[in-house]
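Report on the structure given below.
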Amino acid sequence: IRYLRRFDNLRTLCLRGNPFASKPEYYVFTISHLPQVHFLDYKLIDDAPREEATKKYEIQLQQLITLEEQEREKEKASEDQTKQFQLYKDAFVENMDQNQLFTAMFKDDVEGQKLILVPGSDELMTQFEQKFNAIIYSMFEFGLKEKEIRDREIEDFWICVNEAKNENTRQAAAIVDEFKTYRSTLFAKEDLEQQGVSSKVASEYDEALTNLRNKLMALEITLVDQLEETIQTFERNLGEMVSNFTESMRANFSQIRELQAYFNDNIVTLCVATVERIVKGELEDEFPDDTRELFTDKDTITNACQTSDEVHRTKIDQREDEMFSRISNWLTTMMDNIHEEEEYKRNRKRIIEISRLIDYLRADIEDM
94 IRYLRRFDNL RTLCLRGNPF ASKPEYYVFT ISHLPQVHFL DYKLIDDAPR EEATKKYEIQ
154 LQQLITLEEQ EREKEKASED QTKQFQLYKD AFVENMDQNQ LFTAMFKDDV EGQKLILVPG
214 SDELMTQFEQ KFNAIIYSMF EFGLKEKEIR DREIEDFWIC VNEAKNENTR QAAAIVDEFK
274 TYRSTLFAKE DLEQQGVSSK VASEYDEALT NLRNKLMALE ITLVDQLEET IQTFERNLGE
334 MVSNFTESMR ANFSQIRELQ AYFNDNIVTL CVATVERIVK GELEDEFPDD TRELFTDKDT
394 ITNACQTSDE VHRTKIDQRE DEMFSRISNW LTTMMDNIHE EEEYKRNRKR IIEISRLIDY
454 LRADIEDM
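Residues 94 to 461 (the working numbering) are what the sequence shown spells out, left to right.
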């Protein structure tokens, strides 16, 4: 019964034969918990019994209402979060609004998690994270702004396309209406019941049909040219936007790699110095067992730093490749669909419509 409360437009409910309907409190419980239902088991629910039932379950209903409000808030928060993530994904900057990439680099970096335990690495790590995330967030904001620009371009494109098609449809309808008026005037002179259509009128009508077809086809060719030019301009503009997006993002990824290189150079220096101090007995070894083995000699620690650096660079490269491949595929897919739907399919459909119209009008006179 409580599940049915979510159906606001539920007005009639029949539970005859349901095991719940055989319980003593069935009627009172149902009409109190389903205020939107007007008819229960095909009988109108009076106000008085409902009010009495509602009072009986007042405490339970209040608790239920509170619980439902909490669930709605959770659902709304989840929906808002999903919409927000989709917005970021459509802008190709998902998981770049916080420190997701930085966290991912160290999450899969087993060696790096050990290396940052070296004395003196805290400040280096803090600076690295702050500068890294600052660049990432600037990329995130740039991506959202670029999406707004692309969205406006797409919206303007479809406005132009629809205006051109609507104007073409209006002109075509006017041409057909003019022909129908001519047709009525032409046939009004004929005694269709006695003699049918004369050969002279039939010949004139056939010529008029040819002219009608030529006018409609000329109009279609004009629209084809308009759409082709509009699509080419749109594709060029959008291509430039994608190129600008890619170039700017590539520059930012280069800055991130420079930061990573700087961090790695410094962590190598710290680690090597730590190994030397341990060997000389100047620093007490307080590392965990799984970390201590890295600080036995320079080669071991250098290899560990190199492995860590490769993990970080791979994560950066993967994010860059993913971003660029997705926006490239997005542009290609959208333009392929536009060419297919607005140029090829629409044109073929219109030519068929014109041919069928002419055939219908020609068959019409043959039946007279």
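Beta carbons: idealized from backbone N, C-alpha and C, even for Gly.
Cα-Cα separation between residue i and residue j, rounded to whole angstroms
i: residue 78; j: residue 261; result: No information on residue 78 is available, as it lies outside the stretch 94 to 461 that the chain covers here.
i: residue 304; j: residue 443; result: 17 Å
i: residue 223; j: residue 217; result: 10 Å
i: residue 214; j: residue 326; result: 53 Å
i: residue 209; j: residue 389; result: 16 Å
i: residue 324; j: residue 315; result: 14 Å
i: residue 154; j: residue 101; result: 16 Å
i: residue 193; j: residue 402; result: 18 Å
i: residue 138; j: residue 99; result: 19 Å
i: residue 277; j: residue 263; result: 21 Å
i: residue 118; j: residue 247; result: 60 Å
i: residue 182; j: residue 411; result: 16 Å
i: residue 328; j: residue 428; result: 7 Å
i: residue 353; j: residue 170; result: 36 Å
i: residue 255; j: residue 322; result: 14 Å
i: residue 120; j: residue 174; result: 40 Å
i: residue 384; j: residue 414; result: 33 Å
i: residue 122; j: residue 150; result: 8 Å
i: residue 143; j: residue 113; result: 19 Å
i: residue 191; j: residue 140; result: 55 Å
Residues of its chain near residue i, where Cβ-Cβ distance is below 7 Å and the 5 sequence neighbours each way are ignored
i: residue 212; result: 367
i: residue 287; result: With a pLDDT of 49 at residue 287, under the threshold of 50, the predicted position of this residue should be treated as unreliable, though the coordinate-derived value follows. Closer than 7 Å at the Cβ level, and outside the excluded window around residue 287, lies no residue.
i: residue 341; result: 235
i: residue 359; result: 217
i: residue 265; result: 309 and 312
i: residue 302; result: 451, 454 and 455
i: residue 416; result: 185 and 342
Cβ separation of residue i and residue j, assumed to be a contact under 8 Å, to the nearest whole Å
i: residue 108; j: residue 130; result: Their Cβ separation, rounded to whole angstroms, is 10 Å, which puts residue 108 and residue 130 out of contact at 8 Å.
i: residue 195; j: residue 225; result: 5 Å
i: residue 198; j: residue 432; result: Contact flag wrong, Cβ pair sits at about 41 Å.
i: residue 319; j: residue 257; result: 5 Å
i: residue 229; j: residue 189; result: 5 Å
i: residue 458; j: residue 298; result: 6 Å
i: residue 294; j: residue 279; result: 6 Å
i: residue 127; j: residue 94; result: 7 Å
Opposing strand residues paired with residue i [DSSP bridges]
i: residue 424; result: Beta-bridge pairing links residue 424 to no other residue.
i: residue 136; result: 133
i: residue 326; result: In DSSP, residue 326 forms no bridge with anything.
i: residue 106; result: 133
Assigned exposure category for residue i - 16 Cβ within 10 Å defines buried
i: residue 309; result: buried
i: residue 78; result: Nothing about residue 78 can be reported from this structure: the residues present for the chain run from 94 to 461 only.
i: residue 135; result: exposed
i: residue 125; result: buried
i: residue 96; result: exposed
i: residue 146; result: buried
i: residue 180; result: exposed
i: residue 357; result: buried
i: residue 331; result: buried
i: residue 372; result: exposed
i: residue 165; result: exposed
i: residue 243; result: buried
i: residue 408; result: buried
i: residue 221; result: buried
i: residue 202; result: buried
i: residue 445; result: exposed
Close beta carbons around residue i, own chain, < 8 Å, minus the five adjacent residues each side
i: residue 317; result: 436 and 440
i: residue 231; result: 345
i: residue 397; result: 204, 207, 208, 364 and 387
i: residue 337; result: 239
i: residue 187; result: 178 and 181
Close-in-space but distant-in-sequence residues of the same chain around residue i (CB under 6 Å, 5 per side omitted)
i: residue 272; result: 305
i: residue 253; result: 323
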